[in-house]
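Novice: Residues 1 to 418 (the working numbering) make up the sequence shown, in order.
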Amino acid sequence: MTTWLDRLLGKGRGVESRGGKRRPMETFRTVSMAEDATVFNGAFPGFVPLPNTTPFCMLQVYRFLRDAIPDVSDAIWTWKRLCQTGYDIEIVRASSDVADRRAERLLRELDRRVNGGDRGMDGLLDVFLGSLFTYGAAALEIVLSQSRETIIDVVPVDVWTVRFRREKGVLQPYQVHDGEEIALPVDRFIYVGMDRDGTNPYGRSMLRSIPFVVKIQQRLMEDMAKATHNAGWSKLHVTYTPEERQRGESAEAYERRIGGNFDALRSKLSGLETDQNLVTYDNVRIAVVQGNQGAQAFYENHKAIEEQVITGMHLMPILLGRNYGTTETYGTAQFEIINRQVEAVNRSVKRILERLYNFELALMWGEAEARVRMRTNRTVDVLKEATARSKEIANAAALRDLGFVDHAAAARTLGYGE
Numbered sequence: 001m002t003t004w005l006d007r008l009l010g011k012g013r014g015v016e017s018r019g020g021k022r023r024p025m026e027t028f029r030t031v032s033m034a035e036d037a038t039v040f041n042g043a044f045p046g047f048v049p050l051p052n053t054t055p056f057c058m059l060q061v062y063r064f065l066r067d068a069i070p071d072v073s074d075a076i077w078t079w080k081r082l083c084q085t086g087y088d089i090e091i092v093r094a095s096s097d098v099a100d101r102r103a104e105r106l107l108r109e110l111d112r113r114v115n116g117g118d119r120g121m122d123g124l125l126d127v128f129l130g131s132l133f134t135y136g137a138a139a140l141e142i143v144l145s146q147s148r149e150t151i152i153d154v155v156p157v158d159v160w161t162v163r164f165r166r167e168k169g170v171l172q173p174y175q176v177h178d179g180e181e182i183a184l185p186v187d188r189f190i191y192v193g194m195d196r197d198g199t200n201p202y203g204r205s206m207l208r209s210i211p212f213v214v215k216i217q218q219r220l221m222e223d224m225a226k227a228t229h230n231a232g233w234s235k236l237h238v239t240y241t242p243e244e245r246q247r248g249e250s251a252e253a254y255e256r257r258i259g260g261n262f263d264a265l266r267s268k269l270s271g272l273e274t275d276q277n278l279v280t281y282d283n284v285r286i287a288v289v290q291g292n293q294g295a296q297a298f299y300e301n302h303k304a305i306e307e308q309v310i311t312g313m314h315l316m317p318i319l320l321g322r323n324y325g326t327t328e329t330y331g332t333a334q335f336e337i338i339n340r341q342v343e344a345v346n347r348s349v350k351r352i353l354e355r356l357y358n359f360e361l362a363l364m365w366g367e368a369e370a371r372v373r374m375r376t377n378r379t380v381d382v383l384k385e386a387t388a389r390s391k392e393i394a395n396a397a398a399l400r401d402l403g404f405v406d407h408a409a410a411a412r413t414l415g416y417g418e
């Protein structure tokens with residue numbers, strides 16, 4: 001029997017040997033390559049450009065901002081953790097109980113070995129979300145065993161090396177590596193672009209809107225540090241009144257004597273210890289100069305710039321430790337809005353996981369299908385959430401009992417079923 005995957009890959013379907021054991025697996029070489037800085041040194045004609053003709057080198061700038069600017073780093077970290085809500089896998093439409101158990105085993109094994117075995121699927125999703133929120137896009141490659149019986153690995157692809165070219169009306173992905181164009185396998189390459197524009201395949205990074213603001217912020221921080229140092233530490237202001245010119249002393253000799261006295265005084269002050277005192281003639285006056293520049297102006301300016309960074313990262317102030325409201329409702333409302341955005345991102349993650357799992361199940365002996373259900377972040381008020389959920393369930397059950405909807409439709413209103 002020929003399956004859709006057989007037709008897709010153009011190969012015969014792999015089967016299990018007798019006894020349910022699989023044949024030894026020999027892996028294919030990964031098509032995508034590791035990062036290579038030379039991808040930005042040459043021009044490759046025909047590739048679809050980034051939105052607004054943004055240069056591809058900006059992708060490296062985004063990574064620098066993420067690693068070097070505290071507010072940006074905190075925002076990326078927060079987004080990643082908010083979206084790592086976890087998920088549950090359900091095996092449906094299994095052809096038999098044996099196929100159901102086999103499917104569960106295969107998916108458990110797949111979760112452990114993807115990402116080169118480094119933290120498995122959890123590690124892969126961490127890299128995926130980090131790339132998605134940094135560059136506005138993330139990419140994965142499915143690696144099959146040589147016998148094409150199973151997915152041997154799923155590896156992240158360096159998204160800043162990925163380019164697209166339209167060929168015969170279809171977007172063909174390439175990777176630019178070591179000055180060469182490497183065609184990536186369309187059937188085993190997964191690319192997710194966030195906030196895409198029209199037919200442009202690339203995602204749009206939320207960091208695109210903040211480089212100029214970050215430049216102002218860091219300049220303000222540098223200036224504030226200098227000004228705060230001057231305002232916070234007292235200075236000694238020493239004034240020296242030259243003695244009168246002595247009788248018979250030439251102008252040149254007088255100038256040398258005054259200059260020598262001044263140099264000796266400056267030398268004495270430069271080597272003065274904290275607990276030492278000065279003893280001078282009365283023509284030397286010493287005063288303590290203290291800055292009176294307040295820090296309020298700097299704080300207000302920096303706060304305004306900081307709010308622009310937070311807004312550019314699509315976050316709420318409460319999630320970065322700033323809450324300008326006085327009530328719990330203010331912070332709760334912000335968190336609820338963020339959760340809506342998290343759910344939107346996790347819908348893409350759900351589709352990717354289902355594609356990977358069902359790809360693997362399509363290769364096994366027997367039939368089964370995987371369905372993924374993403375968990376959600378709990379609200380601030382757990383009791384209120386539980387009360388609202390119980391009422392939702394009661395309403396769905398009432399609609400079903402009264403005959404307005406069937407059982408499947410009621411389950412879908414609660415987020416269960418297809």
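Where a beta carbon is used, it is the ideal one built from N, C-alpha and C, also for glycine.
The structure displayed is predicted, hence computed values, not measured ones.
Since K235 is in the beta strand (DSSP E), which residue starts that stretch and which ends it?
Specialist: In the sequence shown, the residue the question calls residue 235 occupies position 235. According to the DSSP assignment, K235 belongs to the beta strand (DSSP E) that extends over K235 to Y240.
Novice: Taking only three categories from DSSP, how would you classify V39?
Specialist: The residue you call residue 39 lines up with position 39 of the sequence shown. Low per-residue confidence applies at V39: pLDDT is 48, beneath 50, and the placement is therefore not dependable, though the value from the model is reported in the following sentence. DSSP places V39 in helix when its eight states are reduced to three.
Novice: Go to H177, then tell me how far its beta strand (DSSP E) extends in each direction, as first and last residue.
Specialist: Working through the sequence shown from its first residue, we reach residue 177 at position 177. Unbroken beta strand (DSSP E) run through H177: V170 to H177.
Novice: Reducing DSSP to helix, strand and coil, say where P49 ends up.
Specialist: For the purposes of this step, residue 49 is taken as residue 49 along the sequence shown, with counting starting at 1. P49: coil per DSSP, three-state reduction.
Novice: I'd like to know whether the C-beta atoms of Y357 and L132 end up nearer to each other than 7 Å.
Specialist: Position 357 of the sequence shown, counting from 1, holds the residue named residue 357. Position 132 of the sequence shown, counting from 1, holds the residue named residue 132. For Y357 and L132, no; Cβs fall outside 7 Å.
Novice: For G444 and S95, which I take to be in contact (beta-carbon distance under 8 Å), what is that distance rounded to the nearest angstrom?
Specialist: The question about residue 444 has no answer, for the chain in this structure spans 1 to 418.
Novice: Q60: which of L269, W160 and G403 sits nearest, CA to CA?
Specialist: Taking the sequence shown and counting its residues from 1, one reaches residue 60 at position 60. Here the closest residue by C-alpha is W160.
Novice: Can you tell me the Cβ-Cβ gap for E354 and V342, rounded? I've got them flagged as a contact below 8 Å.
Specialist: Walking along the sequence shown from the start, residue 354 turns up at place 354. Walking along the sequence shown from the start, residue 342 turns up at place 342. E354 to V342, Cβ: 18 Å. No contact.
Novice: Would DSSP call L361 helix, strand or coil?
Specialist: Taking the sequence shown and counting its residues from 1, one reaches residue 361 at position 361. L361: helix per DSSP, three-state reduction.
Novice: My output table needs one value for S32: the three-state DSSP class, helix, strand or coil.
Specialist: Residue mapping note: residue 32 aligns to position 32 of the sequence shown, counting from 1. DSSP places S32 outside both helix and strand once states are collapsed to three, so it counts as coil.
Novice: Whose CA, out of D100, V48 and G117, lies closest to the CA of A362?
Specialist: By 1-based counting over the sequence shown, the position of residue 362 is 362. Residue D100 is the option with its Cα nearest to A362.
Novice: Check I69 in the structure and name its three-state DSSP category.
Specialist: If you number the sequence shown from 1, residue 69 lands on position 69. In the structure shown, I69 falls within a coil segment according to DSSP collapsed to helix, strand and coil.
Novice: Can you tell me whether E307 is helix, strand or coil according to DSSP?
Specialist: Translated into the one-based positions of the sequence shown, residue 307 becomes position 307. It is helical.
Novice: Among the candidates E109, V289 and F164, whose CA atom is the shortest distance from the CA of F189?
Specialist: Position 189 of the sequence shown, counting from 1, holds the residue named residue 189. Nearest of E109, V289 and F164 to F189, Cα basis: F164.
Novice: Going by beta carbon distance, what residues of the same chain come within less than 7 Å of G46, once the five residues before and after it are set aside?
Specialist: For the purposes of this step, residue 46 is taken as the residue at position 46 of the sequence shown. R165.
Novice: Check whether the segment 234 to 242 touches the segment 268 to 287, taking contact to mean three or more Cβ pairs, one atom from each stretch, closer than 8 Å.
Specialist: yes
Novice: DSSP on S145, reduced to helix/strand/coil?
Specialist: As a first step, residue 145 is located in the sequence shown; it is residue number 145 there, counting from the start. Strand at S145.
Novice: Three-state secondary structure (DSSP) at D122?
Specialist: In the sequence shown, the residue the question calls residue 122 occupies position 122. The answer is helix: DSSP assigns D122 an H, G or I state.
Novice: One question on the structure: do V154 and I142 come within less than 7 Å of each other, judged by their Cβ atoms?
Specialist: By 1-based counting over the sequence shown, the position of residue 154 is 154. By 1-based counting over the sequence shown, the position of residue 142 is 142. Yes; because the gap between Cβ atoms is below 7 Å, this pair is in contact.
Novice: DSSP three-state call for L129: helix, strand or coil?
Specialist: As a position in the sequence shown, residue 129 is number 129, starting the count at 1. In the structure shown, L129 sits in a helix (DSSP, three-state: H, G or I).
Novice: For Y281, count neighbouring C-beta atoms within 10 Å of its own C-beta (all shown protein chains included) and say buried if the count is 16 or more, exposed if not.
Specialist: Start at 1 with the first residue of the sequence shown, and residue 281 comes out as number 281. Exposed: under 16 other Cβ atoms inside 10 Å.
Novice: Assuming M364 and R102 make a contact with CB atoms under 8 Å, what is their CB distance in whole Å?
Specialist: Reading the sequence shown from its first residue, position 364 is the one you call residue 364. Reading the sequence shown from its first residue, position 102 is the one you call residue 102. About 6 Å; that satisfies the 8 Å criterion.
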